[in-house]
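Heads up: the sequence shown runs through residues 459 to 546, numbered per the working numbering. Note sheet for the following structure.
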Amino acid sequence: MTIGGIITAIVIGAIIGALARLVLPGKQNISILLTIVVGVIAALIGTALARLLNVADTPGIDWIELILQVAVAAVGVTIAGSISARRR
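See the structure below:
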């Protein structure tokens, strides 16, 4: 993986994580860094699910893949928020 690929993964992870936090109601008590990490992982899992469902490569914007990524990230943010709340 090149440095450009790593930077791209971080940017996409931040966007996916931020979208997940926007979708969820209420306040999530997790850091920006944890949001990015959850977003990167969710983007990878969402892409794998899209490929499994044969909807990863569609003409134009891959809306179904994006929705899957945000849904997985929302679950991840919820889990991360509940874990960080228990620690406090």
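Cβ atoms here follow ideal geometry from the backbone N, Cα and C, with glycine treated the same way.
As assigned by DSSP and simplified to three states, the class of residue i
| i | result |
| --- | --- |
| residue 505 | helix |
| residue 486 | coil |
| residue 513 | coil |
| residue 494 | helix |
Reference residue i; option with closest CA among the options
| i | options | result |
| --- | --- | --- |
| residue 473 | 542, 527 and 460 | 527 |
| residue 521 | 535, 504, 536 and 534 | 504 |
| residue 479 | 493, 469, 466 and 470 | 493 |
| residue 529 | 491, 481, 463 and 469 | 481 |
Counted within 10 angstroms of its Cβ, other Cβ atoms place residue i as buried (16 or more) or exposed
| i | result |
| --- | --- |
| residue 544 | exposed |
Beta carbon of residue i nearer than 8 Å to that of residue j
| i | j | result |
| --- | --- | --- |
| residue 500 | residue 538 | no |
| residue 471 | residue 498 | yes |
Alpha helix (DSSP H) segment containing residue i, residue limits
| i | result |
| --- | --- |
| residue 536 | 521 to 545 |
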